[in-house]
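**Q**
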Amino acid sequence: MSAYNLNESYDSYRTVDLEARAAAASPYELVLVLFDGLLDELARARGHIEAKRYQQKGQSLEKCLNILNGLNGALDYENGGELVQGLARLYDYCIYRLSDVSVSLSLEGLDEVVGLLGVLREGWEGVNATRK
Numbered sequence: 001m002s003a004y005n006l007n008e009s010y011d012s013y014r015t016v017d018l019e020a021r022a023a024a025a026s027p028y029e030l031v032l033v034l035f036d037g038l039l040d041e042l043a044r045a046r047g048h049i050e051a052k053r054y055q056q057k058g059q060s061l062e063k064c065l066n067i068l069n070g071l072n073g074a075l076d077y078e079n080g081g082e083l084v085q086g087l088a089r090l091y092d093y094c095i096y097r098l099s100d101v102s103v104s105l106s107l108e109g110l111d112e113v114v115g116l117l118g119v120l121r122e123g124w125e126g127v128n129a130t131r132k
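Be aware that the sequence shown starts at 1, since it is given in this note's numbering, and climbs by one per residue.
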């Protein structure tokens with residue numbers, strides 16, 4: 001089996017797994033599913049940059065930007081107060097940095113975004129745990 005077919009098979013499995021998790025998720029669990037997918041795709045983007053697979057890097061970063069835009073668009077600005085404003089700024093910053101990474105191929109920039117999103121994911125995990 002070629003590496004391309006293996007990646008295709010993995011993508012299919014991951015899509016089915018993601019759909020199953022999302023179907024049974026609470027809103028907080030859904031955010032965690034999105035963050036898990038986002039962090040996984042960022043790791044793939046890193047691998048594509050390191051291997052000089054620039055077309056795949058572009059596809060991975062586009063998926064990441066779409067997830068971040070979706071998270072940003074789902075924020076409740078009317079009821080969220082300062083917390084939502086802070087999340088929006090952080091999501092916007094990550095979008096800006098990933099757009100820069102797409103051109104500059106900066107692994108440091110990618111690592112910065114991964115670190116920020118990892119902390120946010122931990123926060124969402126804490127919120128989810130208190131809701132149970």
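All residues carry an ideal CB built from backbone N, CA and C; glycine is no exception.
Hey, does V84 have any beta-carbon neighbour from chain B nearer than 8 Å?
**A** This model lacks chain B altogether, as it is built from one protein chain only.
**Q** Evaluate R131 with the Cβ neighbour count: other Cβ atoms within 10 Å of its Cβ, from every protein chain shown; 16 or more gives buried, anything less gives exposed.
**A** Exposed, because fewer than 16 other Cβ atoms sit within 10 Å of the Cβ of R131.
**Q** So, at 7 Å on beta carbons, what are the nonlocal neighbours of Y91 in its own chain, with the 5 sequence-adjacent residues on each side left out?
**A** Hits under 7 Å: L68, L71, N72.
**Q** For L107, which option in P27, K57, L34, G123 has the closest C-alpha, if you only look at C-alpha atoms?
**A** If we check each option's Cα against that of L107, K57 comes out closest.
**Q** Taking the C-alpha atoms as reference points, what is the distance between L30 and E50?
**A** Their backbone Cα atoms lie some 30 Å apart in a straight line.
**Q** Rounded to whole angstroms, what's the CA-CA distance from D40 to Y96? Just pull it up for me.
**A** Cα-Cα distance, rounded: 19 Å.
**Q** In three-state terms, what does DSSP make of R131?
**A** If DSSP states are grouped into helix, strand and coil, R131 belongs with the helices.
**Q** Leaving aside the five residues before and after G126 along the sequence, list all residues of the same chain whose C-beta is less than 7 Å from its C-beta, in chain order.
**A** For G126, where only same-chain residues beyond five positions count, there are no Cβ hits under 7 Å.
**Q** Do L98 and L65 have their C-beta atoms closer together than 8 Å?
**A** Taking 8 Å as the Cβ cut-off, L98 and L65 qualify as a contacting pair.
**Q** Nearest-angstrom Cα distance between E122 and H48?
**A** Distance between the alpha carbons of E122 and H48: 26 Å.
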